[in-house]
Every structure is written in C-alpha cells, then in structure tokens.
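Counted from 1, the sequence shown has number 52 at position 52 by the UniProt record's numbering; the numbering is strictly sequential. Here a beta-carbon is modelled for each residue, glycine too, at the ideal position from N, C-alpha and C. Structure record follows, encoded as structure tokens.
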Amino acid sequence: EILHRDLKPANFLIDRSKDIVKIADFGLARPIDVPLENYTIKGGSLCYKAPERLLGSGRYSTPVDVWAVACTFAEMDLATVVGGLEPDGVDLLRRMLCLDPSKRLTAREALRHEYFKDFQSLD
1 EILHRDLKPA NFLIDRSKDI VKIADFGLAR PIDVPLENYT IKGGSLCYKA PERLLGSGRY
61 STPVDVWAVA CTFAEMDLAT VVGGLEPDGV DLLRRMLCLD PSKRLTAREA LRHEYFKDFQ
121 SLD
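This is how it looks when you write it as structure tokens:
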C-alpha cells in the first residue's frame, strides 16, 4: 500500500471514453509499511490537506488520502452539478470528511459505499 500525500484534481488522470482513472505524481508518496516515526508535515496542496496534517501531526496514515479524495470529489461535483449531491453522495462525503481520522472511511469502505452501487466492482 502507498500513502500518496498529495492527492488533488491535477493528480487524477481521467479517460472518460474507457472509464479509467489513474493517479499521478508520486513525488511525496511513501510505502505504508515503512517504519518511520514521523512523516513530514510539509508538502502537499493546502486545500486538500487533512486536519491532522494542517494541525502539525507527524503521525498520519491513509485517512489523509481519503480526506484529499473527498475534497476532490466535492470539488468535481460542485463544478458540474449546481445544487449538490444526491443523499448517498452527501453521506459518502460526510463519512470521508470526518475530522477524526480513526472514524474516517477507508478507501475500500468508500468504494463499497451505496453511492457507487451502479459502478462495476473495483476490488
């Protein structure tokens, strides 16, 4: 597993004709299993940083990437659909943007959320 640490709209490469999304720019990425005491709080894009990174915590994990994806998802939705998300989308964002990282959805849980029921499995 990889901790990207800089997920934002510019780092998602989307091929709409094939329904493919690829992630780019792994310059700040780190393997999850590397036993580091603390990660740097520097780097990454301010608008997509999770609260724990903004508040200076050097101990963080994949919830910071879930936060960034949720911010990106919200930005994409707000740019294309005036009036906002359907209730399932609102619930997904609420659970991905939970301030407590231990209660935030994991990426796998987010992909299994009811919001994505009409998409093919990504497992």
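Burial state of residue i, where buried means 16 or more other Cβ atoms lie within 10 Å
i	result
Val69	buried
Ala50	buried
Arg94	exposed
Lys103	exposed
Alpha carbon of residue i to alpha carbon of residue j, nearest angstrom
i	j	result
Phe12	Ala24	6 Å
Val81	Thr106	Only weak support is given to the placement of Val81: the predicted model assigns it a pLDDT of 45, under 50, and the question is left unresolved by the model.
Pro87	Tyr115	9 Å
Gly44	Pro101	18 Å
Val21	Phe73	13 Å
Gly58	Cys47	18 Å
Leu85	Phe119	17 Å
Asp15	Arg5	23 Å
Leu78	Val34	37 Å
Trp67	Leu54	12 Å
Supposed contact pair residue j and residue i - C-beta distance, whole angstroms, cut 8 Å
i	j	result
Arg30	Leu7	In fact, because the Cβ distance is near 13 Å, the residues do not count as touching under 8 Å.
Glu75	Val64	Between Val64 and Glu75 the Cβ distance is about 17 Å, and since that is not below 8 Å, they are no contact.
Closest Cα partner of residue i within the set the options
i	options	result
Leu92	Glu109, Phe119, Leu78, Pro63	Glu109
Leu111	Gly89, Gly27, Ile32	Gly89
Leu99	Phe119, Tyr60, Lys117	Tyr60
Ile32	Pro9, Phe119, Trp67, Glu1	Glu1
Phe26	Trp67, Ala10, Lys18	Ala10
Cys71	Gly56, Leu97, Lys18, His113	Leu97
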